[in-house]
Amino acid sequence: MRISTLVATSVGCAQAFVLPQAFFDAFTAPAPVGEASLWPHKPYFLKHNVDPDTFPDEIQLEELNSTALDLYHIAEFSNRTYGHPTRVIGSPGHRKTLGYILNQFDQMRDYYDVKVQSFKALNGKVSHYDLNFTNGESVPSAQAFSLSPPVKPFVGTLVEIPNLGCSDADFEALEISKDAIALIERGECPFGQKSTLAGKHGFKAVVVYDNDPKSKKGISGTLEKPTKHTVSTIGVSFAVGQELIANIELDPEFSLFFYMDSYVKKVKTKNIIADTKHGDPDNIVALGAHTDSVAAGPGINDDGSGTISLLTVAKHLSDYKINNKVRFAFWAAEEEGLVGSNYYVEKLSPEENQKIRLFMDYDMMASPNYQFQVYDANNVDNPRGSEELKDLYIDYYTSHGLNYTLIPFDGRSDYVAFINHGIPGGGIAAGAEGVNTDNGKVLDRCYHELCDDVSNLNWEAFLTNTQLIAYSVANYAHSLKGFPERETNISSVSSSSTTLKYPYKGGANLLL
């Protein structure tokens, strides 16, 4: 047996011993190209430091494709109860998604400490809905909002609400019939607030129309936390909203047929938090994606793509030494109003909050008609460091000869709680129901639809964005030199929570 390599250790006292070459040979055989080496890993002290310049090249398309197929097959476990594949919270598909993630990290248990954070969230199902003209024709682009309560079939007068339906004053001067439907423009406040105020003032249902003339589809959103006043709510496109307003102006008694069969209930679900065992615990590099889909479909782009990207990067990172601790977060109940990420951040102590140097949000990485989107963060309106994160993304795209598009923080993804609690944040995306400014077509035609399956992924965008995620993780795990320090006064951190205004009224979740 060949003997080599003198290794010094300290366990109570200094000593030296030799290890056989076979020991090293057992851990140094390279993994196949494009595959991360899972359990058992090479001992940590034998690993090389992660190199941000070369680490992204380890991400291969085959891994992304394989995991996407796994997630779709997992979503199919919901077929029996939902009639189609879905990974909505409370479904077999979502429970198995969580089990899949935990199993992946169990194979990396020498590198990561994994915690499961349980909480309750509202879950609902819309079995059927109708929004029709009185001649029986369906209103175009109509989509039911999740967590809508049911309402029996009725014909109601459609009433345009002044302003944006975000305060009692918008409703108090209106005289309405017994069966009335409120028509409200999107904007300024959450969908649930509009619906609840309408119900409080006697409306039987709500139709919300989009405020973006460029949007081709209706609104797919959530009412978040229904109250006893919340009423059934359906969203339509900007163009349909304008058509309905024109009909009201021609006939003040203009009416629609409205019906919704639905339920709302509480379900128990889980966040999964995986921390590297190594790296500075006072300088945590955090990133996250959500594990759930809407009930309508399997959510392989939204946000299976983000989940897949994080899992892939986590596997490859486990082959390296790092200087700063990395935290991979997998949120539940994002589609119900960012519930999981909000719950997590609100449970952080001021001391734990302060240890997180930045949070990177990765939601929808592979939209079929993609643009490379970067959140337009700055250090004036957002926590200090958010702008530096934005610049990292921009530099990566431009250095690879790729165009990018700046998008505003719109309150629709899991960065919200972090930014609102003083933690620098940002992220990238490939686009949802908005329009691609280069070709005028919808970025993701299957957004929140049954067709958000494996065929809905653009592999070029998926690979590029996952490699950028790998770069961002490796860069900050290696060094935070030059990145702004967090607030050092813990008391000010605990009182820094604010509710930010989001000027762009996007398409789903928490706002607007």
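For the record, in the sequence shown the residue sitting at position 275 is 275 according to the UniProt record's numbering, with numbers rising by one throughout.
For every residue, glycine included, the Cβ atom is placed at its ideal position computed from N, Cα and C.
Computed from a prediction, not measured in an experiment: that's the story for all the values here.
Length of the line joining the Cα atoms of residue i and residue j
{"i": "residue 138", "j": "residue 68", "result": "35 Å"}
{"i": "residue 185", "j": "residue 158", "result": "13 Å"}
{"i": "residue 162", "j": "residue 171", "result": "8 Å"}
{"i": "residue 118", "j": "residue 364", "result": "24 Å"}
{"i": "residue 209", "j": "residue 222", "result": "14 Å"}
{"i": "residue 96", "j": "residue 107", "result": "17 Å"}
{"i": "residue 14", "j": "residue 45", "result": "Summary for residue 14: the model assigns pLDDT 39, below 50, so the residue's position carries little reliability, and this model does not support an answer."}
{"i": "residue 459", "j": "residue 366", "result": "7 Å"}
{"i": "residue 193", "j": "residue 280", "result": "42 Å"}
{"i": "residue 127", "j": "residue 146", "result": "11 Å"}
{"i": "residue 93", "j": "residue 247", "result": "43 Å"}
{"i": "residue 368", "j": "residue 144", "result": "24 Å"}
{"i": "residue 261", "j": "residue 129", "result": "6 Å"}
{"i": "residue 429", "j": "residue 174", "result": "42 Å"}
{"i": "residue 291", "j": "residue 201", "result": "37 Å"}
{"i": "residue 479", "j": "residue 356", "result": "14 Å"}
{"i": "residue 485", "j": "residue 474", "result": "19 Å"}
{"i": "residue 207", "j": "residue 306", "result": "31 Å"}
{"i": "residue 436", "j": "residue 393", "result": "19 Å"}
{"i": "residue 91", "j": "residue 271", "result": "15 Å"}
{"i": "residue 449", "j": "residue 100", "result": "23 Å"}
{"i": "residue 266", "j": "residue 121", "result": "6 Å"}
{"i": "residue 407", "j": "residue 432", "result": "12 Å"}
{"i": "residue 370", "j": "residue 416", "result": "23 Å"}
{"i": "residue 405", "j": "residue 340", "result": "28 Å"}
Where residue i falls, given that 16 or more other Cβ within 10 Å makes a residue buried
{"i": "residue 136", "result": "exposed"}
{"i": "residue 401", "result": "exposed"}
{"i": "residue 372", "result": "buried"}
{"i": "residue 269", "result": "buried"}
{"i": "residue 395", "result": "exposed"}
{"i": "residue 482", "result": "exposed"}
{"i": "residue 263", "result": "exposed"}
{"i": "residue 178", "result": "exposed"}
{"i": "residue 349", "result": "exposed"}
{"i": "residue 317", "result": "buried"}
{"i": "residue 196", "result": "buried"}
{"i": "residue 464", "result": "buried"}
{"i": "residue 249", "result": "exposed"}
{"i": "residue 456", "result": "buried"}
{"i": "residue 226", "result": "buried"}
{"i": "residue 242", "result": "exposed"}
Where residue i falls: helix, strand or coil (DSSP)
{"i": "residue 106", "result": "helix"}
{"i": "residue 276", "result": "strand"}
{"i": "residue 284", "result": "strand"}
{"i": "residue 117", "result": "strand"}
{"i": "residue 300", "result": "coil"}
{"i": "residue 518", "result": "Look at the range of the chain in this structure, 1 to 512, and you will see that residue 518 is not part of it."}
{"i": "residue 152", "result": "strand"}
{"i": "residue 269", "result": "strand"}
{"i": "residue 371", "result": "coil"}
{"i": "residue 70", "result": "helix"}
{"i": "residue 390", "result": "helix"}
{"i": "residue 260", "result": "strand"}
{"i": "residue 111", "result": "coil"}
{"i": "residue 41", "result": "coil"}
{"i": "residue 133", "result": "strand"}
{"i": "residue 84", "result": "coil"}
{"i": "residue 28", "result": "Reliability fails at residue 28, whose pLDDT of 48 lies under 50, so the model's placement of it is uncertain and no value is given."}
{"i": "residue 95", "result": "helix"}
{"i": "residue 477", "result": "helix"}
{"i": "residue 146", "result": "strand"}
{"i": "residue 22", "result": "Below a pLDDT of 50, predicted positions are generally treated as unreliable, and residue 22, at 49, falls in that range; the measurement from the model is reported next regardless. Residue 22 falls in the helix class under three-state DSSP."}
{"i": "residue 470", "result": "helix"}
{"i": "residue 55", "result": "helix"}
{"i": "residue 79", "result": "helix"}
{"i": "residue 289", "result": "strand"}
{"i": "residue 89", "result": "coil"}
{"i": "residue 462", "result": "helix"}
{"i": "residue 513", "result": "Shown here, the chain extends from 1 to 512; a query on residue 513 therefore has no answer."}
Min CB distance residue i to chain D below 7 Å
{"i": "residue 437", "result": "No chain D is present in this structure, which holds just one protein chain."}
For the pair the region 373-393 and the region 311-324, tell me if three or more CB-CB distances fall below 8 Å. no
My parser needs the beta strand (DSSP E) runs of 3 or more residues fully inside the UniProt domain "PA" (156-244); what are they? 180-185, 205-209 and 232-236
Please confirm if the region 273-280 is in contact with the region 314-330, defined as three or more CB-CB distances below 8 Å between the two stretches. Touching, per the Cβ criterion.
Should the region 76-85 be called in touch with the region 283-290, which here means at least 3 C-beta pairs below 8 Å? no
Please give the ranges of any beta strand (DSSP E) in the region 296-352, keeping only runs that are unbroken, at least 3 residues long and fully inside the region. 324-331
Using 8 Å as the cut-off, can you tell me whether the region 440-459 makes contact with the region 339-357, which would need three or more C-beta pairs spanning the two stretches below that distance? no
Give the list of continuous beta strand (DSSP E) stretches no shorter than 3 residues that lie fully inside the region 393-459. Annotation note: the region 393-459 contains the following uninterrupted beta strand (DSSP E) runs of length 3 or greater, listed N- to C-terminal: 405-407 and 425-429.
Three or more C-beta pairs below 8 Å linking the region 110-124 and the region 231-240: Counting Cβ pairs under 8 Å, fewer than three are found: no touch.
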